[in-house]
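For the sequence shown, my numbering assigns the number 13 to the initial residue and increments by one for each residue that follows.
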Amino acid sequence: NGAGKSTIMNILTGYLSRTEGVVKIDGFDILESPENAKKRIGYLPEIPPLYVDMSVREYLCFIYDLKKVKYPKMAHISEDMSLVGINGGSSRLIKNLSKGYRQRVGFAQALIGNPDVLILDEPTVGLDPKQIIEIRNLISRLGENHTIILSSHILSEIQAVCERIIIINKGNIVADDSLSNLTENLW
């Protein structure tokens with residue numbers, strides 16, 4: 013906690029400006045070409061920004077329109093809902109959903125537009141053990157077709173879903189390697 017994970021996520025997505033350095037997404041600078049860079053990003057903040065008075069489908073349609081997606085609308089939204097396991101609740105109001113289900117709606121909104129990069133800021137915080145396992149499995153499946161940048165301070169979560177690990181302390185990178193190499197070098 014307090015290492016700068018969420019701050020870095022916000023800089024990567026363009027929600028915060030960097031104070032130094034450069035952030036490029038697929039070659040596009042997040043500050044100089046924000047629209048091009050953001051088209052390639054799906055972002056799930058720690059607390060998903062959901063409009064709770066909308067139904068799941070209404071919310072995802074809203075996000076689709078906001079992102080100016082070109083895929084066939086209802087087919088694309090249905091595919092994303094299916095991928096994250098929320099098909100059965102598309103007409104339910106978001107305010108009536110459990111935290112785990114809301115998290116899945118957040119994942120679905122991050123997937124709208126089929127971005128190359130998914131940025132997930134502590135995606136399992138506050139979930140029960142069953143929901144944590146389901147979300148970890150979802151992240152692993154999504155990792156087959158997307159680059160995923162995941163922040164967490166829970167080592168078991170990192171071990172379960174990550175191939176490459178970057179450890180940050182007070183905003184500075186102190187390690188960057190595979191789990192096996194990091195473990196080997198600690199002993």
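Virtual Cβ for every residue (Gly too), placed ideally from N, Cα, C.
- Proximity to residue 123 across 145, 19 and 56 peaks at 56, based on C-alpha coordinates.
- Here DSSP, grouped into helix, strand and coil, assigns residue 145 to helix.
- Taking residue 172 as reference, the option from 150, 97, 58 and 184 with the minimal CA-CA separation is 150.
- Secondary-structure assignment with DSSP links residue 55 through a beta bridge to 131.
- Non-local C-beta neighbours of residue 47 in its own chain, meaning closer than 7 Å and more than five positions away in sequence, are absent.
- Across the structure, residue 178 and residue 91 are spaced so that their CA atoms are roughly 32 Å apart.
- According to DSSP, residue pairing for residue 162 in a beta bridge involves 132.
- A check of alpha carbon separations from residue 154 across 129, 176, 89 and 165 identifies 129 as the nearest.
- Under the criterion of beta carbons closer than 8 Å, residue 25 and residue 53 qualify as touching, at roughly 6 Å.
- When the Cα atoms are used, residue 28 and residue 38 turn out to be separated by approximately 19 Å.
- By the Cβ neighbour-count rule, residue 87 is exposed, with fewer than 16 other Cβ atoms within 10 Å of its own.
- For residue 117, the enclosing alpha helix (DSSP H) covers residues 111 to 123.
- Cβ contact annotation for residue 134 (same chain, cutoff 7 Å, sequence separation greater than five): 58, 163 and 164, in chain order.
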